[in-house]
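A short worksheet on the structure shown next.
2 protein chains.
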Amino acid sequence: MDHVHEQDGTAPAFIFDLDGTLIDSVYQHVVAWREALEQAGVELSVWKIHRRIGMSGGLMVSALLRELGRELSSDELARVSDLHAEAYERQLASVRALPGASELLRELDTHDVRWAIATSGSERFVRPGLDKLGLGQEPVLITRDQVRYAKPDPDLFLAAGRRLGVPLADAIVVGDSVWDMVAARRAGALAIGLLSGGYGREELLFSGAFRVYEDPQDLLDRLDEVGVRRPPHGESSPLHAAA
Amino acid sequence: MDHVHEQDGTAPAFIFDLDGTLIDSVYQHVVAWREALEQAGVELSVWKIHRRIGMSGGLMVSALLRELGRELSSDELARVSDLHAEAYERQLASVRALPGASELLRELDTHDVRWAIATSGSERFVRPGLDKLGLGQEPVLITRDQVRYAKPDPDLFLAAGRRLGVPLADAIVVGDSVWDMVAARRAGALAIGLLSGGYGREELLFSGAFRVYEDPQDLLDRLDEVGVRRPPHGESSPLHAAA
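Line by line, the protein sequences are chains A and B.
If you count the first sequence from 1, position 135 lands on 156 in the numbering used here, and the numbers rise without skipping.
If you count the second sequence from 1, position 45 lands on 66 in the numbering used here, and the numbers rise without skipping.
In structure tokens:
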């Protein structure tokens, strides 16, 4: 009997958002979007940009322009997107892994709990962010380029579930934005909110989070609350001992 | 009979916070604090800095260091404060008045409703921010330099009430942070929250706001909800007509 598979059968799989969930990059994205929009002649309050981070970039710009009652041509939209990419690259040096992010992913590996990263960002943004986590090997990774619609559509999480071979009903999505929570519910997954992207606790609860933690470290400290069974500290896992 | 004084007797006075309430400067302060703390060897998640903006600067740094279990000498604290000032100055070009801020203050003047600005910032930060509002004349202004304790202590709002000659029970504090809401309640004033500093609606409600609006424009559009009587659009005020 394969005890590792027994753990797999009872522990949920995890699907993580990247920006604001594993790496501390939301505010840098906010600043970069503000710069890009201003260069395109669009002046918006910064908090309104913050509250749209995590959505698909195209959807975000459309939503922001709607507030101003403006439209941009597809050429202008492409230019805003390029300007954002350039501005974010200038901010990248200040982006760090969030506290506990790498340790949390390693802990899941230790307990043979499957996990993936699913992000509204496209590959070119994701790679340098991923490097900050210092993972030993390539994770299961779903980016914006691999699906038709990014968050708040469920496509990214559905693709992650397929790649993990896990039904979404057995998956927990971990994210920092209301778009993650909405997309998780649409995908049929449970959702955990993290405060590390700058949303308030209640915003996350009211959009569907069943638990809210501060950041990856806080979730790691309380993994037993969300269905990951770990042996008491200092004892080796009976599952692993038997394997 | 002096009809203007009749309006004064029924309309509340307003005490405004500055950063995140009248000017769009919170995210620039966040970025500047992050830079300053990092130069002092303190690495903190950006959202934790965001959630402390609006407090007295000294209290904020102490609260952040407590999370890390560290201490800084008073020399080091002064250096962090200077580094923040320099970093914020570099961000200042991107700071704008929030939508409706100048119009709201002018509208209060039109209706002879008294108002003041009370901010945890010290004079050197406040002046360039104030300039963004393009006020015709010097407002009643209480800065950090004029009181012993900044927010969440009530001193700034109490001083503003004294300068306006208004009991705090007849004043409404308008702010974007939970520190404004707490300080307002401690001062015995009603509090209105604005989302324009990046806090969530419920965070503001749960810390004592009796109403939450998006930004100064949204408050201006709904001034009648908070006790400022205005004649229907297009009619001149009967009070002013009689004066």
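The beta carbon of each residue, even a glycine, is placed where N, CA and C say it ideally should be.
Look up S258/A in the DSSP assignment and say whether it is helix, strand or coil.
Note that S258/A scores 46 on pLDDT, short of 50, meaning its location in the model is unreliable; the coordinates nonetheless yield the value given after this. Coil.
Minimum Cβ-Cβ distance from D38/B to chain A less than 8 Å
Chain A, which has no Cβ nearer than 8 Å to the Cβ of D38/B, makes this no.
Can you tell me which of the three DSSP states G221/B falls into?
Of the three classes helix, strand and coil, the one that applies to G221/B here is coil, per DSSP.
Closer than 8 Å between beta carbons: that is the criterion. Which residues of the region 115-141 of chain B meet it against chain A?
For the region 115-141 of chain B, which is checked against every Cβ of chain A, the residues closer than 8 Å are S115, R117, L119 and P120.
How many Å lie between D239/B and F231/B at the Cα?
Going from the Cα of D239/B to the Cα of F231/B covers about 15 Å.
Specify the secondary structure class of L215/A as computed by DSSP and reduced to three states.
Here L215/A sits in strand by DSSP.
So the candidates are G78/B, L241/B and R206/B; which of them puts its Cα closest to the Cα of S228/B?
Nearest in C-alpha terms to S228/B, of all of G78/B, L241/B and R206/B, is R206/B.
Report the partner residues of I44/A according to the DSSP bridge assignment.
DSSP, once it has assigned bridges, lists D40/A and A118/A as partnering I44/A.
Could you check what DSSP says for R2/B in three-state terms: helix, strand or coil?
Because chain B is modelled from 22 through 264, residue 2/B falls outside the range shown and cannot be assessed.
With 8 Å as the threshold, decide whether the Cβ of V67/B is near any Cβ in chain A.
Chain A contact via Cβ: present.
Could you tell me which of F35/B, L113/B and P237/B sits nearest to H132/B, measuring between CA atoms?
H132/B has its Cα closest to that of F35/B, out of F35/B, L113/B and P237/B.
Examine chain A for any beta-carbon lying closer than 8 Å to the beta-carbon of G219/B, and answer yes or no.
So, interface residue.
Three-state class that DSSP yields for L154/B in the structure shown:
Note: L154/B maps to coil in three-state DSSP.
Given W136/A, which residues of its chain have a CB within under 6 Å of its CB, disregarding the five upstream and five downstream residues?
Once the five neighbours on either side are set aside, the close Cβ partners of W136/A are F35 and L129.
In the region 198-230 of chain B, which residues sit with their C-beta less than 8 Å from some C-beta in chain A, listed in chain order?
Of all residues in the region 198-230 of chain B, those with a C-beta nearer than 8 Å to a C-beta of chain A are L216, S217, G218, G219, Y220, G221, R222, E223, E224 and F227, reading in chain order.
Can you confirm whether the region 162-171 of chain A touches the region 49-66 of chain A when touching is taken to mean that 3 or more C-beta pairs between the two stretches lie within less than 8 Å?
At 8 Å Cβ cutoff, the stretches do not touch.
R169/A to A84/A, Cα distance in whole Å?
Distance between the alpha carbons of R169/A and A84/A is about 18 Å.
So, is the C-beta of H50/A closer than 8 Å to a C-beta in chain B?
Taking Cβ atoms only, chain B never reaches closer than 8 Å to H50/A, which makes this a no.
Residue span of the alpha helix (DSSP H) that contains A99/B, given as start and end
Residues S95 to Q112.
Assign D166/A to one of two classes, buried (16 or more other C-beta atoms within 10 Å of its C-beta) or exposed (fewer than that).
When all chains shown are included, D166/A counts as exposed.
How many angstroms separate the CA atom of L154/B from the CA atom of V187/A?
Going by the C-alpha atoms only, they are around 55 Å apart.
For P237/A versus A57/A, is the C-beta distance shorter than 8 Å?
Taking the C-beta atoms as reference points, A57/A is found no nearer than 8 Å to P237/A.
Since Y170/A sits in a beta bridge, which residues does DSSP pair it with?
When beta bridges are read from the DSSP output, Y170/A appears opposite no residue.
With 16 other Cβ atoms within 10 Å as the buried cut-off, status of P252/A
Counting the other CB atoms within 10 Å of its CB gives P252/A a total below 16, which places it among the exposed residues.
Continuous alpha helix (DSSP H) stretch holding R206/B: start and end:
Boundaries of the alpha helix (DSSP H) around R206/B: V199 to A208.
Nearest to R111/B by CA position, among L93/B, A53/B and D176/B, is which residue?
Checked all of L93/B, A53/B and D176/B; the closest Cα to R111/B is A53/B.
Report buried or exposed for E107/B, applying the criterion of at least 16 other Cβ atoms within 10 angstroms of its Cβ.
A residue is called buried when at least 16 other Cβ atoms come within 10 angstroms of its Cβ; E107/B does not meet this threshold and is exposed.
Against chain A, does E64/B count as a neighbour if the rule is that its beta carbon must be under 8 Å from one of theirs?
Yes, E64/B counts as interfacial toward chain A.
When you compare only the Cα positions, how much space is there between H105/B and A118/B?
Cα-Cα distance, rounded: 21 Å.
From L125/B, A181/B, H50/B and L226/B, pick the residue whose C-alpha is nearest to that of L156/B; which is it?
Of the candidates L125/B, A181/B, H50/B and L226/B, the residue whose Cα lies closest to the Cα of L156/B is L125/B.
Check this for me: beta carbons of P175/A and M76/A, under 8 Å apart or not?
Cβ atoms of P175/A and M76/A: not closer than 8 Å.
Beta-carbon spacing of R73/A, M81/A below 8 Å:
With a cutoff of 8 Å on beta-carbon distance, R73/A and M81/A are scored as near each other.
What would DSSP say about E159/B, mapped onto helix, strand or coil?
DSSP places E159/B in coil when its eight states are reduced to three.
Which chain B residues are close to H71/A, counting only those with a beta carbon under 8 Å from its beta carbon?
Residues of chain B whose Cβ lies closer than 8 Å to the Cβ of H71/A are, in chain order, Y48 and G219.
Could you round the C-beta distance between G219/B and W68/A to whole angstroms and report it? I think they count as a contact, below 8 Å.
Yes, they are in contact, since the Cβ atoms of G219/B and W68/A sit about 4 Å apart, within 8 Å.
Listing by chain order, which chain A residues have their CB less than 7 Å from the CB of D236/B?
In chain order, S66 make up the part of chain A whose C-beta sits under 7 Å from the C-beta of D236/B.
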